[in-house]
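Using the numbering used here, you'd call the opening residue of the sequence shown number 391 and step up by one each time.
Ideal Cβ positions, reconstructed from N, Cα and C, are used throughout, including at glycine.
Have a look at the structure below, then the notes.
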Amino acid sequence: MKLDIKILRGDITQIHCDAIVNAANETLLGGGGVDGAIHRAAGKELLEFCRKLKGCRTGQAKISPGFDLKAKYVIHTVGPVWRGGDKNEQALLRSCYQNCMKIAEENKIAVMAFPAISTGVYGYPKEQAAETAISAVNAYKSKNGFPREVLFVCYSKGDEAIYGKLLGFFSAGK
Ligand code: ADP
């Protein structure tokens, strides 16, 4: 079955789906941006659970319950900090998306939502990040048909325009 890809504009903490992805840092103990918003919306139990996960390496991902969120799970992944583009950033970002897809497959998560990982405080150029995000998700080969649907949640109009342009391009190319 073909993976369904959609773009949504808004706050990822408010999305009703099976799992939302958190652009976390290596401590997994919360931070600013989308990470802070997810921890606030999920409640204190998320932080308690995350302490037991003992951190996460850049490019890797770990799952937790969603606690007070509308989503059942949070998949925490750590994007690379942009250091000019020659420090393996693209491969690491790609690995974030692949590992989140793999965790979704293993947990039979049907609908999952991604924020634009690394494009805030971590400084990854937005268009390049969106290209990698879409390409990694499109290339993922699931053996059991999960996830069925991926939502790219855009926090700004500008991000929505970037994803819209690229997804138009990708689907026209198929
Ligand atoms: P990173 O440290 O990986 O760069 P940030 O949280 O700083 O993570 O930013 C990642 C992206 O998430 C940015 O594009 C930012 O605009 C977006 N973002 C911030 N808050 C939210 C939110 N509540 N819902 C969806 N996206 C968000």
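DSSP three-state call for residue i: helix, strand or coil?
i	result
Y487	helix
L556	helix
E539	strand
D549	helix
I499	coil
C440	helix
K564	Reliability of the predicted coordinates at K564 is poor, the pLDDT of 47 falling under 50, and the value obtained from them is presented with this limitation in mind. In the structure shown, K564 sits in coil (DSSP, three-state: anything other than H, G, I, E or B).
A494	helix
T448	coil
K477	coil
Alpha helix (DSSP H) containing residue i: first to last residue?
i	result
H466	Not the alpha helix (DSSP H): H466 falls in the beta strand (DSSP E), residues 463-468.
R399	Counting along the chain, R399 falls outside any alpha helix (DSSP H), though it belongs to the beta strand (DSSP E) covering 394-399.
V424	423-432
A520	516-529
Out of the options, which has the shortest C-alpha to C-alpha gap to residue i?
i	options	result
C490	L398, Y553, G421, S454	S454
A529	Q488, G510, A413	Q488
A506	L557, D549, E496, N497	D549
K452	K460, T417, N478	T417
K392	K533, E435, A551, S546	K533
G449	Q480, R430, C486	C486
S546	H406, L436, K516, E479	K516
K568	G475, Q518, R538	It is not possible to answer for residue 568, since the shown part of the chain is limited to 391 through 564.
Inspect the beta-carbon positions of residue i and residue j and report whether they are closer than 7 Å.
i	j	result
A503	I402	yes
V543	G423	no
N412	I428	yes
A432	D408	no
A494	F536	yes
L398	L541	yes
V501	A414	no
Q480	T522	yes
A526	R484	yes
How is the beta strand (DSSP E) around residue i delimited, first residue to last?
i	result
V511	Here V511 belongs to no beta strand (DSSP E), and DSSP marks it neither H nor E.
K452	451-455
I410	409-414
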